[in-house]
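Okay, structure first, notes after.
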Amino acid sequence: MISSVENGRLTHISGNPYHSYTNGKLCAKGYSYIEKNEHPERLKHPYYRANRDSDRFVPISWEKAYDLIISQMTGIYERYGNFLSLGLYKYSGNLGVHHFVVDEFFSSLGGTTQITGSPCSSAGIDALFYSTCAIKMSDPEQICRSDLIILWGSNPANTNIHLVPFLSEMKDAGGKIIVIDPLMTKTAEMADLYIQLHPGTDGLLANLMTKYLYEAGACDDVFLQNHAAGFDEFYQCLKELDTEDGLSICGIAEEAAVLLLNWLKHARAVSHIIGFGLQRHANGGQNIRAIEALAAARGDIGRIGGGVYYSHGHSGLFQNQQVKGGLNRLLDMNHWIDGIQPSAGQMPLEMLWITCRNPLTQDPHPQRIQRRLQEIPFIVAVEHFMTPTAELADLVLPATTHFEEYDIVASYWHRELALNEQAVAPFYESRSEWKIMTELAKRLQLTLPGTCPFPVYASEEEYLNSQFTEQVKRIYGVSSIADLRKGIALAKLEKTAWESREFATPSGRYLFYSHEAEEDGFPAVPVYTAGRSPSEQYPFWLLTPHHAYTLNSQFHYLDLYEEKEAAVRIHPETAQQLEIFNGEVVVVYNEQDALTIKAIYSRRVPRDILLVYQGWYPDSIISINRLIPVLETDMGKKSSGANGVAFYDTFVNIRKVTPRNY
Ligand SMILES: Nc1nc2c(c(=O)[nH]1)N[C@H]1C(S)=C(S)[C@@H](COP(=O)(O)OP(=O)(O)OC[C@H]3O[C@@H](n4cnc5c(=O)[nH]c(N)nc54)[C@H](O)[C@@H]3O)O[C@H]1N2
Ligand SMILES: Nc1nc2c(c(=O)[nH]1)N[C@H]1C(S)=C(S)[C@@H](COP(=O)(O)OP(=O)(O)OC[C@H]3O[C@@H](n4cnc5c(=O)[nH]c(N)nc54)[C@H](O)[C@@H]3O)O[C@H]1N2
Ligand SMILES: [Mo]
């Protein structure tokens, strides 16, 4: 992003034309950043409430805030002789390298408690690891070189807008696009073929396609023989599949399957874009294995213009992003709420530091989280806004935004690495996370000498300079802020992942048969495993995907779109059967909660699915995640320490607020 500043204020923001992936464009949220940065609701001072029952935050000085924190930390250390009762809860509010300063500070204390796991993408990462033992992805700009792109549960028109021009370019060159999604998304509008399937059944569709391609002689024999292992065992399972049953489980018409198969048969290079949305199911990881196996069987992996696009791991190469383990006690994100697991020792959680995280709207079953947070004696939230989570804290600290601090920005999708320079002074009294952690370290080093070896640097720049690792130097070719100041760095990686077809597995082959998967309790081969489905009592899937104009719980304060209250989208025919009017307030419920919410007719939603966008709605008290149970995805533990969250396996019913009596 390029910011223009006049008299110390942001006046204009634009994309950077030298960024080859975004090509000088921003998304709608990006263009609205001035409004966000200077929003009247933004936190201006540290706020404290001395008594949780009184519920009133008062502004306090930073000195007072630091005193409160140090006094809590000293108390913990004096009681236990360590900091294990101090916890960190952080995730994706800002993934810049700067923000991992908090992880590094906590880890430097010789062991604290860190809540671990990813609600985002971990099942898919584990899945892709089984076959290749690495997470690689071609340069997404290569996608134009495909002649067939299949998007599985990925909605870039909402969530990855910069990909759309590449999709258009590929279409203009005569290529075809297929979108596979239970919802008729904005992305589906640009597809040549849209397949609406039942959630959680993609693996079966992929398996059927692999079987027929193989039987039609349309698989890549050279790849299967020279670069892969275990296809025969896989095929033995595929052979048993029944087409009619399979298509009925997926809920798709035979014509759609035939068209898909024909296009797959004749395409030169197929790219599969797998969304993170796809894996938010109890069988999500296994479904991704099945899709990747389809790509491998056709020989698309390592082929120019072909392959699987999910994410790559190069954004996590910096020094301070590698500190999660060490002496820390790691608590599984899905289970820490039930209390400390016995395996983690009985040390309680007496203080929790929440940053870049809004679990009260973003985690499953927030009612439980709220109860658990209320049991923790002292909570600090570092935020830009007074979120539902921050409201539960004792101390709320105002953080700077990326316009007001230095940072290094990497991506888990494209290949650019950029310096984020400070453009304007911090908003009111807000401070950067580096500054907060450094100020605390200085004080701890005085009050509890020897407990906090966190390095005190003179500036953010100096701190960031110390984060470059050998791998960053090797992959991005930069070793300091000064190098990045010269311009955006590009990862020096092969444009097409696995072009050599030498995989990172012990045999160097692509593994259709994975012993590791088997040891972890999964089928050795990537066959479909049935997922969850609705019951008579709760006959609707509740899908809660990502909105184009918000970023998870962020950006909701802006006037980017009309809807300021949560609404449930329902197929008009389903609604009419239930005598629900368009715009009527209804009740959506399951065993966990009942939410009163406005219904909107939408033909983009199938008859058995209800859609509510996830996030934080400014004009409604609804947190849609109150209906979402803590249900794990099949995979995720290997890469993130906990299984992911099967957000999209939520089942509900819907009714009128007052049933009509005739
Ligand atoms: N504008 C915007 N951009 C964002 C975000 C945002 O909140 N707003 N969030 C960012 C983050 S944190 C993430 S993780 C990514 C998420 O990016 P995506 O993965 O693209 O987003 P989702 O909305 O979770 O899911 C995409 C689609 O998956 C579909 N889906 C659900 N279940 C299934 C299934 O079983 N099979 C198939 N085929 N489709 C299924 C949903 O209907 C949805 O249309 O986006 C990032 N970008
Ligand atoms: N129902 C449902 N729930 C979901 C999902 C879904 O698809 N459906 N998606 C899941 C996914 S993929 C993800 S990644 C998670 C995301 O959930 P979270 O990790 O909680 O992410 P955000 O809501 O984006 O941001 C959290 C907070 O970080 C704050 N923040 C932003 N920038 C900064 C900063 O620079 N410093 C500090 N200290 N704070 C900052 C924001 O104000 C915000 O309140 O949600 C998950 N929850
Ligand atoms: Mo995410």
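Numbers 1 to 662, taken from the numbering used here, label the letters of the sequence shown in order. Even for Gly, the Cβ is constructed at its ideal location relative to N, Cα and C. Note that this is a predicted model, so its numbers are computed, not measured.
For residue i, three-class secondary structure by DSSP
i, result
"V630", "coil"
"V568", "strand"
"M73", "helix"
"N361", "Correcting the residue identity first, residue 361 is Thr in this sequence and not Asn. Looking at T361 - three-state DSSP - the assignment turns out to be helix."
"A253", "coil"
"A267", "coil"
"S14", "strand"
"K638", "helix"
"K25", "coil"
"H281", "coil"
"N625", "helix"
"T389", "coil"
"N643", "coil"
"A134", "coil"
"Q554", "strand"
"S3", "strand"
"V681", "The shown model of the chain, from 1 to 662, leaves out residue 681, and the question about it has no answer."
"N262", "helix"
"P398", "strand"
"R9", "strand"
Check whether residue i and residue j have beta carbons under 7 Å apart
i, j, result
"P59", "Y47", "yes"
"I115", "M351", "no"
"H547", "W616", "no"
"F503", "T132", "yes"
"T112", "N328", "yes"
"L183", "I252", "no"
"C452", "L109", "yes"
"T650", "L542", "yes"
"R372", "I337", "yes"
"I195", "G313", "no"
"S118", "S640", "yes"
"L163", "K211", "no"
"L331", "W152", "no"
"L397", "V382", "yes"
"Q467", "V97", "yes"
"N582", "V652", "no"
"I654", "T544", "no"
"A567", "V586", "no"
"R415", "D139", "yes"
"F105", "F454", "yes"
"S271", "S146", "yes"
"G285", "A123", "yes"
"P377", "S85", "no"
"A28", "Y549", "yes"
"E499", "G217", "no"
"V323", "S479", "no"
"E141", "Y513", "no"
Closer than 6 Å: residue i CB and nearest ligand 5 heavy atom
i, result
"A482", "Judged by which ligands are present, ligand 5 is missing from the structure shown, whose ligands are ligand 1, ligand 2 and ligand 3."
Open item on the list: Give the list of continuous alpha helix (DSSP H) stretches no shorter than 4 residues that lie fully inside the stretch 410 to 476.
Closed with: 433 to 447, 460 to 465 and 470 to 476
Open item on the list: List, from N- to C-terminal side, the alpha helix (DSSP H) runs of 4 residues or more that fit wholly inside the stretch 486 to 547.
Closed with: 515 to 519
Task: Residue ranges of each alpha helix (DSSP H) within the stretch 154 to 186, 4 or longer - done: 156 to 159 and 164 to 172
- [ ] Return the chain-ordered ranges of every alpha helix (DSSP H) run that is complete within the stretch 180 to 250 and spans a minimum of 4 residues.
- [x] 202 to 215, 231 to 238 and 243 to 250
Task: the stretch 188 to 207 touching the stretch 287 to 298, judged by at least three CB pairs closer than 8 Å - done: yes
Task: Three CB pairs or more closer than 8 Å across the stretch 150 to 158 and the stretch 185 to 193 - done: yes
TODO: Kindly provide the ranges of any beta strand (DSSP E) runs that are 3 or more residues long and lie completely inside the stretch 34 to 120, ordered along the chain.
DONE: 86 to 90 and 113 to 116
Open item on the list: With three or more C-beta pairs closer than 8 Å as the rule, is the stretch 505 to 519 touching the stretch 218 to 236?
Closed with: yes
Open item on the list: Taking 8 Å as the cut-off, does the stretch 247 to 264 touch the stretch 454 to 467 (at least 3 CB pairs, one atom from each stretch)?
Closed with: no
TODO: May I ask you to verify whether the stretch 406 to 417 touches the stretch 380 to 393, counting CB pairs closer than 8 Å and requiring at least 3?
DONE: no
Open item on the list: Could you check whether the stretch 419 to 432 touches the stretch 37 to 52, counting it as contact only if at least three pairs of C-beta atoms, one from each stretch, sit closer than 8 Å?
Closed with: yes
Open item on the list: Three Cβ pairs or more, each shorter than 8 Å: is that satisfied between the stretch 432 to 450 and the stretch 14 to 32?
Closed with: no
Task: Sufficient close CB pairs (3 or more, under 8 Å) joining the stretch 25 to 38 to the stretch 6 to 13 - done: yes
Open item on the list: Quick check on the DSSP output: what are the complete beta strand (DSSP E) runs of length 3 or more inside the stretch 310 to 337, in order along the chain?
Closed with: 329 to 332
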